[in-house]
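A short write-up of the structure that comes next.
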Amino acid sequence: MTRQVIVSFLLSTALAGGCGGSGGSTAPRRVVVDPALGAIGPRALDALQAAMAQLLWPDNLASELRIVADTGTKLDGYVNSGDRSVLHLGPQWINAYPDATTTDLHLRVLVAHELGHMLGRDGHLTCDGDANVMAQNCLPVDARYSARDIVFICTATTGGICRR
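With the numbering used here applied, the sequence shown corresponds to residues 12 to 175, in that order.
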């Protein structure tokens, strides 16, 4: 069994209260990062926090998330619809990204994209000139969700920016 590192983080009350964030959205979310990810683990955690800050902690996100290495996958990352609390990453592919040692744009977009699936959103948008994180093989230059991404994700979740 792989030893795991547990990192807990708490979104600030000011951010959680903005844009329709719910009072329950300030509860800590525990993130378990697989040490087999090596240097990718902390970078993936940073990307997850950035994406969650933009969505303001939707209600149906699991209270414990896991970011695990899958060295046998042919994908750079995926979420299994049977357990949406786990983000699987293929370190062999992520380390091959052209920006892996500089901007980490590919990893940041990948993590934000998979977070949309973790929140229950299946399917993909069209890329539209690299505008949408929730498109496959799309690379928005700021790694942030577009307005279309947020509407798309909000059809599968509530709370945070998706508060109805």
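Backbone N, C-alpha and C define an ideal beta-carbon position, used for all residues, glycine too.
Three-state secondary structure assigned by DSSP to residue i
i: Gly140; result: coil
i: Leu86; result: coil
i: Gln103; result: helix
i: Arg119; result: helix
i: Arg159; result: helix
i: Leu150; result: coil
i: Ile164; result: helix
Cβ neighbour criterion (16 or more within 10 Å) applied to residue i
i: Pro53; result: exposed
i: Thr168; result: buried
i: Arg41; result: exposed
i: Ala62; result: buried
i: Pro69; result: buried
i: Ala107; result: exposed
i: Ser157; result: buried
Residue from the options with nearest C-alpha to residue i
i: Thr84; options: Leu116, Ser74, Leu66, Gln103; result: Gln103
i: Gly131; options: Ala50, Val90, Ala47; result: Val90
i: Gly170; options: Ala47, Leu56, Ala64; result: Ala64
i: Ala50; options: Gly93, Gly101, Asn71; result: Gly101
i: Asp94; options: Asp115, Leu72, Ala55, Asp45; result: Leu72
Contiguous alpha helix (DSSP H) assignments of at least 4 residues, all confined to the region 47–85:
Here the runs fully enclosed are 51–66.
For the 8 Å Cβ check, are there 3 or more pairs between the region 122–140 and the region 161–172?
Under the Cβ criterion (8 Å, minimum of three pairs), the region 122–140 counts as touching the region 161–172.
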